[in-house]
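Undergrad:
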Ligand SMILES: [Cu+2]
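Numbering (my numbering), first residue to last: 187 to 410.
(1) List the residues that DSSP assigns as beta-bridge partners of residue 208.
(2) Is any non-hydrogen atom of ligand 1 found closer than 7 Å to the C-beta of residue 214, if you look at the structure I gave you?
(3) Compare the Cα-Cα distances from residue 252 to each of 261, 234 and 338 and report the closest residue.
(4) Across the stretch 374-388 and the stretch 190-203, are there enough close Cβ pairs to call them in contact, namely three or more that are closer than 8 Å?
(5) Can you tell me whether DSSP reads residue 252 as helix, strand or coil?
(6) On the DSSP bridge list, what partners appear for residue 474?
(7) Would you call residue 297 buried or exposed, if buried means 16 or more other Cβ atoms sit within 10 Å of its Cβ?
(8) Could you name each continuous alpha helix (DSSP H) segment of 4 residues or more that falls completely within the stretch 284-310, going from the start of the chain to the end?
(9) In terms of alpha-carbon separation, which member of 396, 405, 353 and 327 lies closest to residue 287?
(10) Does ligand 1 have a heavy atom nearer than 7 Å to the CB of residue 373?
(11) Under a Cβ-count criterion, where at least 16 other Cβ atoms within 10 Å of its own Cβ denotes burial, should residue 222 be classed as buried or exposed?
(12) Grouping DSSP H, G and I as helix and E and B as strand, with all else coil, what is residue 246?
(13) So who's on the other strand from residue 326, going by DSSP bridges?
(14) Given this structure, state the Cα-to-Cα distance separating residue 245 from residue 237, to the nearest angstrom.
(15) Whose C-beta lies closer than 6 Å to the C-beta of residue 280 among residues of the same chain, with five residues either side of it excluded?
(16) Can you tell me where the alpha helix (DSSP H) holding residue 350 begins and where it ends?
(17) How should residue 334 be labelled, buried or exposed, when 16 other C-beta atoms within 10 angstroms of its C-beta is the threshold for buried?
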């Protein structure tokens, strides 16, 4: 029975929110499955890193700039991504379709809140929710691979989920691919979360990238 923080001397795994009520520390992980078909079935996943370079043109007053270094994932292991370690653009392109001026048509994933899994392997939630080992995964389309936690998640021993499918390391360049995005946040409860927690908002965007020839909202007819 705790009525004040000064009575808590041991690890209690949460925050005292009111008398005799602890809000336990926990995570929220939500996985989204995107079966992309950008202008056709065969697509590639491109991770473009934004890297600083020294300016070689001595006439420029600038010493440095940043450039875009795209890398197309060849197999599933190339597309296991931890967000938050450096700037990158994540896109799905159709390498067989180009705009009039020659850019590959694509869509970008603009992630929302990033939380990386803190718990090491070995606990049940970890192998049942193996999809939270990375923020983004890409797999080869397979009809039976629909839910990131597998079909029977509650009783699972982690043998049928996204983390194990990805170990097959199938080829994903210019193939029918699926992108999986794990959005998450760690939750250290505070007194404002009690007795009813206010809304927490997060989200992401899937945004056309060189998919249209120009701004598609131009010339839209507005019906009043
Ligand atoms: Cu929570």
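Note that CB positions come from ideal geometry on N, CA and C, so glycine has one too.
TA: For this structure:
(1) In the chain shown, counting from the first residue as 1, residue 208 sits at position 22. According to DSSP, which records beta bridges pairwise, residue 208 is partnered with 202.
(2) To locate residue 214, count along the chain shown from 1; it is residue 28. Indeed, a heavy atom of ligand 1 lies less than 7 Å from the Cβ.
(3) The count along the chain shown starts at 1 and reaches residue 252 at position 66. Checking every option, the nearest Cα to that of residue 252 belongs to 234.
(4) The stretch 374-388 is in contact with the stretch 190-203.
(5) For the purposes of this step, residue 252 is identified with residue 66 of the chain shown, where counting begins at 1. Residue 252: strand per DSSP, three-state reduction.
(6) Any property of residue 474 remains undetermined from this structure, which presents the chain solely from 187 to 410.
(7) If you number the chain shown from 1, residue 297 lands on position 111. When all chains shown are included, residue 297 counts as buried.
(8) Counting only runs of 4 or more, we get nothing.
(9) Locating residue 287 in the chain shown gives position 101, counting from the first residue. Looking at 396, 405, 353 and 327, the one whose alpha-carbon comes closest to that of residue 287 is 396.
(10) Here residue 373 is taken as the residue at index 187 of the chain shown, counted from 1. For ligand 1, at least one heavy atom lies less than 7 Å from the Cβ of residue 373.
(11) In the chain shown, counting from the first residue as 1, residue 222 sits at position 36. With 16 or more Cβ atoms within 10 Å of its Cβ, residue 222 is classed as buried.
(12) Here residue 246 refers to the residue found at position 60 when the chain shown is read from its first residue. In the structure shown, residue 246 sits in coil (DSSP, three-state: anything other than H, G, I, E or B).
(13) Taking the chain shown and counting its residues from 1, the one referred to as residue 326 is at position 140. Residue 326 is bridged to 363.
(14) Working through the chain shown from its first residue, we reach residue 245 at position 59. Working through the chain shown from its first residue, we reach residue 237 at position 51. Going by the C-alpha atoms only, they are around 22 Å apart.
(15) Here residue 280 refers to the residue found at position 94 when the chain shown is read from its first residue. Cβ neighbours of residue 280 beyond the five flanking positions: 224, 225, 226, 229 and 291.
(16) Residue 350 sits at position 164 when you count from the first residue of the chain shown. Looking at the DSSP string, the run of the alpha helix (DSSP H) that includes residue 350 is 348-352.
(17) Taking the first residue of the chain shown as 1, we reach residue 334 at position 148. By the 10 Å Cβ count, residue 334 comes out buried.
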